[in-house]
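In this note's numbering, the protein residues as written are 53 to 470. The structure appears right after this line, and notes come after that.
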Ligand code: ATP
Ligand code: MG
């Protein structure tokens, strides 16, 4: 076995994950860190969570630890909780998955050896174990070598592995992009062959993978790879009509997004060329949340809301700038580079030149004020209030008194017009 000194991460979660392995070991069990956390440590990254694999059965694990949660027990997974805060690790019994009859989920799980547990995993880089007490990497699948040569390779026969679970097709694009790995020939060939069948995966799970890809700084690489592999076209068929030239723009914009940009603005950039109707349809088909869909559609609708050659009235501008979605729109415009450089400059100048004070101040008058002044309710109050509001935002009125005078003049003008 190889000895490895992994970067020490003096992190409480890591300490906790080590102590869980120690407890299992002291009770006569085999136990390792497993999967994604091993990969992350070998890459010098801080794992988002630690998974532990052991030969102890779930019942044993529950007995050995004081605080556990049993939601995944049918898959042999017990969550071991630390004291306080969100300290927890998943402890899974070594298993070999049964037949995948529906192409998505194993029909049954059978507990097995460490080696069987490694070979049921998807990619070699995700199939390694690490012993945090002896600092050894246990690698049954050639993951170390692949990680060293920066290669993404399915464990075993690629076609069979994707056949078992089509979600792996998308996971391949995500991992290759995120860790900047080349996809091994046979694995790539299998993905290209099978990408049209990714649609058997539930829309929610596909969307979840898209969220992971689009919220990571490698989003542009992930999407270009998904496109090249035929996955994007399978998930969103309308994307097949996007030309290479359009795609170059899309991909550059994705690459310019700030690292921590959210899913919705990334997704908007991805699909904006399809137009708002198709975008709405796509959001529904992927079962995105209402909140996501509303933001995405709002962004697409406001793509060209500020055209510096043809500006809307300042009240309309102020309302746009004060809108809670506006920061996302600005993020998109910034990501568009040259195409939106004038728009972004205009917005920046506008904000710079704005006098102090809120951009979206509370309305100066309401319906009750009008009634108090003797105006008859029902005479299109909302129209009057809207007009007052615009005048306020345009700076024509600044006080209640001037607003009331303004209303009087306004109604007089309306009356005269007939
Ligand atoms: P992330 O950093 O995104 O959490 P991860 O590798 O930890 O990446 P998880 O989805 O948390 O991914 O899964 C943990 C481990 O379980 C993986 O590293 C892999 O070994 C295994 N695994 C997860 N999903 C699959 C799958 N669909 N098919 C086979 N193995 C899987
Ligand atoms: Mg994980």
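Beta carbons: idealized from backbone N, C-alpha and C, even for Gly.
With a threshold of 6 Å on Cβ separation, who are the neighbours of residue i within its own chain once the five nearest residues in sequence on each side are excluded?
i, result
"residue 170", "179, 192, 193"
"residue 172", "148, 149"
"residue 317", "380, 383, 384"
"residue 290", "326, 330"
"residue 239", "205, 206, 210"
"residue 214", "220, 221, 242, 246"
"residue 350", "377"
"residue 441", "415"
"residue 367", "442, 445, 446"
"residue 144", "105, 128, 129"
"residue 62", "Low confidence applies to residue 62: its pLDDT is 48, below 50, so where it sits in the model is not reliable, and the reading given next is rough at best. Closer than 6 Å at Cβ, skipping near neighbours: no residue."
"residue 338", "255, 259"
"residue 167", "192"
"residue 86", "103, 105, 181"
"residue 373", "411"
So does residue i have its beta carbon nearer than 6 Å to some heavy atom of the ligand ATP?
i, result
"residue 336", "no"
"residue 217", "yes"
"residue 209", "no"
"residue 174", "yes"
"residue 220", "yes"
"residue 362", "no"
"residue 178", "yes"
Run the CB neighbour count on residue i, radius 10 Å, all protein chains shown included, and call it buried at 16 or more, exposed below.
i, result
"residue 187", "exposed"
"residue 393", "exposed"
"residue 80", "exposed"
"residue 276", "buried"
"residue 235", "buried"
"residue 424", "exposed"
"residue 270", "buried"
"residue 74", "exposed"
"residue 6", "The structure shown does not extend to residue 6, since the chain spans only 53 to 470, so no value can be given for it."
"residue 300", "exposed"
"residue 363", "exposed"
"residue 59", "Here the model assigns residue 59 a pLDDT of 47, short of 50, so the residue's position is not dependable, and the following value carries that caveat. Flag for residue 59 reads exposed."
"residue 406", "exposed"
"residue 343", "exposed"
"residue 334", "buried"
"residue 162", "exposed"
"residue 311", "exposed"
"residue 212", "exposed"
"residue 203", "buried"
"residue 428", "exposed"
"residue 465", "exposed"
"residue 134", "buried"
"residue 450", "exposed"
"residue 448", "exposed"
"residue 98", "exposed"
Can you name, in chain order, every residue of its own chain whose Cβ lies under 7 Å from the Cβ of residue i, other than the five neighbours on each side?
i, result
"residue 385", "392, 395, 396"
"residue 209", "none"
"residue 281", "225, 243, 244, 247"
"residue 456", "425"
"residue 328", "349, 352, 353"
"residue 340", "259"
"residue 439", "462"
Should residue i be counted as a contact of the ligand MG given a C-beta to heavy atom distance under 6 Å?
i, result
"residue 88", "yes"
Which residues in the same chain have their Cβ closer than 8 Å to the Cβ of residue i, if we skip the five residues on either side of it in sequence?
i, result
"residue 371", "412, 445"
"residue 325", "294, 298, 302"
"residue 453", "none"
"residue 389", "304, 305, 308"
"residue 472", "In the structure as shown, the chain begins at 53 and stops at 470. Residue 472 is therefore absent and cannot be evaluated."
"residue 223", "174, 175, 261"
"residue 461", "none"
"residue 292", "285"
"residue 114", "120, 122, 130"
What do you reckon, is the C-beta of residue i under 6 Å from a heavy atom of the ligand SAM?
i, result
"residue 255", "Looking at this structure, you won't find the ligand SAM anywhere; what it does contain is the ligand ATP and the ligand MG."
Taking only beta-carbon positions, decide if residue i is within less than 7 Å of chain B.
i, result
"residue 388", "Of the protein chains in this structure there is only one, and it is not chain B."
Task: Uninterrupted alpha helix (DSSP H) stretches inside the stretch 296–370 (no shorter than 4 residues) - done: 296–308, 315–323, 328–337, 342–353
Open item on the list: Just to confirm the assignment: which complete beta strand (DSSP E) runs, minimum length 3, are found wholly within the stretch 265–290?
Closed with: none
TODO: Could you pull out every unbroken alpha helix (DSSP H) segment of at least 4 residues lying fully inside the stretch 167–222, listed in chain order?
DONE: 195–200, 210–216
Open item on the list: So within the stretch 370–417, which uninterrupted alpha helix (DSSP H) runs reach at least 4 residues, ignoring any that extend past its ends?
Closed with: 378–387, 393–405
Task: alpha helix (DSSP H) segments (min. 4 residues) lying fully within the stretch 96–141 - done: 110–116
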